[in-house]
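Novice: One structure coming up, written as structure tokens, with questions to follow.
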Amino acid sequence: MYKWTASYFNELTLLFYRRKVILIALFSAALPVLIAFALKGLEPLLALLAVGPSFPIEMLSLYTGLWIPLVIMTLTADLFPHEVASRTLKLAFLRPVTRLQVFLSRAAALATSVGGILVILFITTFLCTLFAGTLTGFGEVLSNLKAYAAAFIAMLAVSAVFVFIAQFFKSVSGFVITALVLYAGFKVAPFLLSSFSAFSPLNYTDWHMLWLSSYVRAGTLITGTLFLLASSVLFFSLGYYKFDRTQV
Amino acid sequence: MESVLKTVNLGKRYGNDRGIHEIDLELHAGDVYGLLGPNGAGKTTFLKAVTGLIRYDQGSVSLFGEEGVVSFDKGLEQVGCMIESADFYEFLTAKQYLQSVARFHPQVKAQRIDDLLEYVGLAYVRNDKIKGFSTGMKQKLALAAAVLPEPRFVILDEPTNGLDIEGIVMFRKLIQSMNEEKKTTFLISSHMIHELEQLCNRVGIVVQGRLIKEGYVTDLLAHNQSLEAFYIEQLHQHKGEVQYV
Amino acid sequence: MKKKWLVLGSTVGLSAALMVTTGLSAMASTSGYEAYKSALKNSHTVQSVTLQANASLKDNGKVLETADAQLKLNLKNGNMSGNTDLSAGGEHQKLSMYNQNEQTILKTDSSDTYYVKQDKDDTKAEFKKMHHSKASDPETSRQVETVIDALVGNLKDYVNMDTASDGSKQISLQLDQAQLPAVVNAIAPLAIKEATKHREEIQSKESNPSAFPFHKQFLKNEVPQLTQDIKIDHVSVKANVNASNYIQHQEADLTVSGKDASGAAHQLVIHLQADFSGFNSTTPDTLDLKGKKVQTLKSNHEGMLKADGNNK
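Those sequence lines, one after another, are chains A, B and C. According to my numbering, the stretch in the first sequence is residues 4 to 251, in order. According to my numbering, the stretch in the second sequence is residues 8 to 252, in order. According to my numbering, the stretch in the third sequence is residues 666 to 977, in order.
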């Protein structure tokens, strides 16, 4: 067991020794505040309420749609293709752990980072609504928390897809370009083919919204959760299959 | 005597018909084995195959009696490695890197990291990012990482690349003392034949992916003045064979 | 070794199977949304219908305006008859409308003059073309539908449906501010601000004594002008679809809150309701203008109606 924890903790510290990761964390915390101030400045023009009760959810949609997938792409590129390119993958393979442990620790470190961003965002937007005086009550916070948890599952599925794709690349740029094109493609595809989005784990990025409504049937939420978890397992498994066969 | 490494009929073929073929080798506890051979003979491929970095397609590998492929992770618990070039996560400092290695070996005390950095002569840059290190400095760090958990078996691929004179002396002393005090087994691939002559009790010669000759240094030198002369002789013999086959 | 591949293989197999199953069921569970779409499309094919509509606007619970309408429509030839009743701030306006023999006839309750506007031939043709092209080009409408589906995305699942034993369906949608897409929340306040703005200029034109005596603007002046902190609080849409897949009843509520220039808070509730009946069996009433006081209207460039001034 200590090997699992050692491996996971090791991957996590390796992530946090990167200056990039610290910058991502700081930016994730600063962005909602910057947007809040920008909207506040534009309030007379746009006639809207800059930091309303729905501010935490609007920011969440922005993050899950754009920012977090970009972060996942960057970190995945660092964890897989970059390690192949800089020949550091062997350092992990020469530790007394199985490749499954290496792979899962990296996936877990990635998931932890995504979770970390969501926690940062939750706290920042909570403070924003607190300062703006638009916090309506504890129920609101609880319901937001549910949406954030749902968003985490959706982002886990996005991570799995990116990690799988990353296994086919030996260079960062090749992976990043492919991942960007693919992500954009998945976002456009439903405009051409209606049934596409039902089977694409990348099209659940606004899925957390469903958890806010008491009118959405529980069955819909359970089905969605199962779909996202199943696709996470599938793509992580396929990714592991490729990773296990990597020769360095 | 305990078998540390055993390969039977080990083979790995690359697309361009290079690779290694039918290598049988057994190392016992306390051996210091030198692997000699021309560039591209397959020394590094062999070392990668026995540590599980690449998948071999023929034969078998055992580390401390644990067969590879099934569980390299178990075998690697007692193995320290330095294979191919000394590559690192460049955003780490020397100390951070050794700490990350130590995480997998709970018995390593924090003090040992400082002691080792002192020993290999990197104490003055312990908190510097590896990014700025020279080849020799990286080589010293890789050596420190390989011996950090006091493994029973150490695999070193071209360990003296880029080392300064002081470093080469340090390297020799380190191996000799570990071998004498702890009976640590070494498998060293190197072109520094004089260094190997001083360090090794056994050597093997790899040419074109095959182990063409191996034996105890004392036996091999019975008829030759030096290991170098023996090596050149073997190489010529092998080339002759190849030419007339 | 074998065991490892067996475990991995079954993990992949099981998760793929679960993904397909849940994906299929996710597709099926959007049935509320799909049912509404299908009913909407089917209701579009109707030839004639009777519409009973009602709308109201409340500000902080006080009723500002109400509007009622009874219309009989023949969508095939464009004929129509009906009347509307508007009330705002204690003021009432009743209006009867007919569309027959290529002309539009309007009459307010306050006078006995019938205002007649000759429909241009091309507007009539356009009406027919529009009505036809929709039905005759399924490819385009299918593409439009796919785009709308994609824009709605996962929010399809907000639409709920209850099916009664007689085959009729109750379809509903309830959204709070947080559940609206961020884009809607960003743009809506500006749109609402513009919509509640009073247009004095137009008002003065409308009060031109020679113009048709119907003030659309009198409605607007009752509405408070929202200028800041505007947000959509709640959206609710309900529809009843009968067994033959026609929309029978449709209602929508929109709650908007915001502040006016003086900083006073307002909560506006707009309620719209429409009942449809007499599917394909409605005949619009016709009006005989013989012996009635008639005034001809021409539409000017702004599309507003102005009386010609000449009695016929």
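Where a beta carbon is used, it is the ideal one built from N, C-alpha and C, also for glycine.
Pick out whichever of A:F246, A:A182, A:L148, A:G242 has its Cα sitting closest to the Cα of M212 of chain A.
Specialist: Considering only alpha carbons, the answer is A:L148.
Novice: Anyone know if the C-beta pair for I200 of chain B and L43 of chain B falls short of 8 Å?
Specialist: Cβ atoms of I200 of chain B and L43 of chain B: closer than 8 Å.
Novice: Threshold first: 3 residues or longer. Then list the beta strand (DSSP E) segments lying entirely within the region 13 to 80 of chain B, N to C.
Specialist: Whole beta strand (DSSP E) segments, 3+ residues: 26 to 35, 39 to 43, 65 to 70.
Novice: Spatial neighbours of S746 of chain C within its chain, please: C-beta separation below 6 Å, excluding the five flanking residues on both sides.
Specialist: Here the set comprises K737, Y763, P949, D950.
Novice: Which residues in chain A have a C-beta closer than 9 Å to the C-beta of F98 of chain B? List them in chain order.
Specialist: Those within 9 Å of F98 of chain B in chain A are L17, Y20, R21, R22, K23.
Novice: Starting from G222 of chain B, trace the beta strand (DSSP E) in both directions and tell me its first and last residue.
Specialist: Residues 217 to 223.
Novice: Pick helix, strand or coil for K741 of chain C, following the three-state DSSP scheme.
Specialist: DSSP places K741 of chain C in coil when its eight states are reduced to three.
Novice: Closest to L270 of chain A by CA distance: which of A:F194, A:F165, A:L18, A:K173 is it?
Specialist: Nothing can be reported for residue 270 of chain A, as the shown portion of chain A is limited to 4 through 251.
Novice: Could you tell me the alpha carbon to alpha carbon distance between T710 of chain C and D209 of chain A, rounded to whole angstroms?
Specialist: When rounded, the distance between both Cα atoms is 34 Å.
Novice: Can you tell me whether S713 of chain C is helix, strand or coil according to DSSP?
Specialist: Residue state, collapsed to three classes: strand.
Novice: Quick one: grab the DSSP three-state call for R133 of chain B.
Specialist: Three-state DSSP puts R133 of chain B in coil, outside helix and strand.
Novice: Residue ranges of each beta strand (DSSP E) run of no fewer than 3 residues wholly in the region 161 to 229 of chain B, ordered along the chain?
Specialist: You should have 192 to 196, 209 to 214, 217 to 223.
Novice: On the three-pair Cβ rule with 8 Å, is the region 62 to 76 of chain B touching the region 10 to 21 of chain B?
Specialist: Taking 8 Å as the limit for Cβ pairs, the verdict is that the region 10 to 21 of chain B does touch the region 62 to 76 of chain B.
Novice: Note down the Cα distance separating E204 of chain B from F193 of chain B, rounded to an integer number of angstroms.
Specialist: Each residue's Cα considered, the two are about 14 Å apart.
Novice: Any C-beta of chain B sitting closer than 8 Å to the C-beta of R220 of chain A?
Specialist: Not one chain B Cβ lies under 8 Å of R220 of chain A.
Novice: Please give me, in chain order, every unbroken run of the alpha helix (DSSP H) with length at least 4 that falls completely inside the region 666 to 697 of chain C.
Specialist: Listed in chain order, they are 667 to 693.
Novice: Strictly below 7 Å CB to CB, what residues from chain A border P113 of chain B?
Specialist: Neighbours of P113 of chain B on chain A, chain order: Y5.
Novice: Between which two residues does the alpha helix (DSSP H) containing V154 of chain B stretch?
Specialist: That run of the alpha helix (DSSP H) goes 142 to 154.
Novice: For the alpha helix (DSSP H) that F178 of chain A lies in, which residues bound it at each end?
Specialist: Where F178 of chain A is concerned, the enclosing alpha helix (DSSP H) stretches over 175 to 195.
Novice: With DSSP as the reference, please indicate the residues paired to Y5 of chain A in a beta bridge.
Specialist: DSSP output for Y5 of chain A lists no bridge partner at all.
Novice: Can Q183 of chain B and I219 of chain B be called in contact, C-beta distance under 8 Å?
Specialist: For Q183 of chain B and I219 of chain B, no; Cβs fall outside 8 Å.
Novice: From the beta carbon of G688 of chain C, is the nearest beta carbon of chain A less than 8 Å away?
Specialist: Yes, its Cβ sits closer than 8 Å to a Cβ of chain A.
Novice: So if DSSP puts C88 of chain B in a beta bridge, which residue, or which two residues, is it bridged to?
Specialist: Bridge partners of C88 of chain B: B:I162.
Novice: Could you tell me the alpha carbon to alpha carbon distance between R110 of chain B and I120 of chain B, rounded to whole angstroms?
Specialist: Those two C-alpha atoms are separated by around 12 Å.
Novice: Does the distance from the CB of L840 of chain C to the CB of V900 of chain C come in under 8 Å?
Specialist: Yes, these two residues count as a Cβ contact at 8 Å.
Novice: How would you write the range of the beta strand (DSSP E) that Y779 of chain C sits in, first residue to last?
Specialist: Run containing Y779 of chain C: 778 to 783, per the beta strand (DSSP E) assignment.
Novice: Going by alpha carbons, who is nearest to N186 of chain B out of B:N168, B:P158, B:V210?
Specialist: Comparing Cα positions, the closest option is B:P158.
Novice: Per DSSP, which one or two residues make a beta bridge with I935 of chain C?
Specialist: C:L722, C:L919, per the DSSP bridge assignment.
Novice: Straight-line CA distance for E967 of chain C to E767 of chain C?
Specialist: Low confidence applies here, because E967 of chain C scores a pLDDT of 45, under 50, leaving its location unreliable; read the following figure in that light. Their Cα atoms are separated by approximately 21 Å.
Novice: Just the chain C side, please: which residues come within less than 8 Å of W210 of chain A by C-beta, in chain order?
Specialist: Result: N819.
Novice: Using the beta-carbon of each residue, which ones in chain A are nearer than 7 Å to E84 of chain B?
Specialist: Neighbours of E84 of chain B on chain A, chain order: P99.
Novice: With S837 of chain C as the anchor, note down where its beta strand (DSSP E) starts and where it stops.
Specialist: From DSSP, the beta strand (DSSP E) with S837 of chain C extends over 834 to 841.
Novice: Where do the ends of the alpha helix (DSSP H) carrying L124 of chain B lie?
Specialist: It spans 117 to 126 - the alpha helix (DSSP H) in which L124 of chain B sits, taken as one unbroken run.
Novice: What residues match up with V728 of chain C in a beta bridge as DSSP calls it?
Specialist: According to DSSP, V728 of chain C bridges with C:K723.
Novice: Output the distance between the C-alpha atoms of N825 of chain C and T226 of chain A, rounded to the nearest integer angstrom.
Specialist: Approximately 16 Å, taken between the alpha carbons.
Novice: Got a sec? Which residues, its chain only, sit under 8 Å from N134 of chain B by beta carbon, not counting five neighbours each side?
Specialist: Cβ neighbours of N134 of chain B beyond the five flanking positions: T100, A101, K102.
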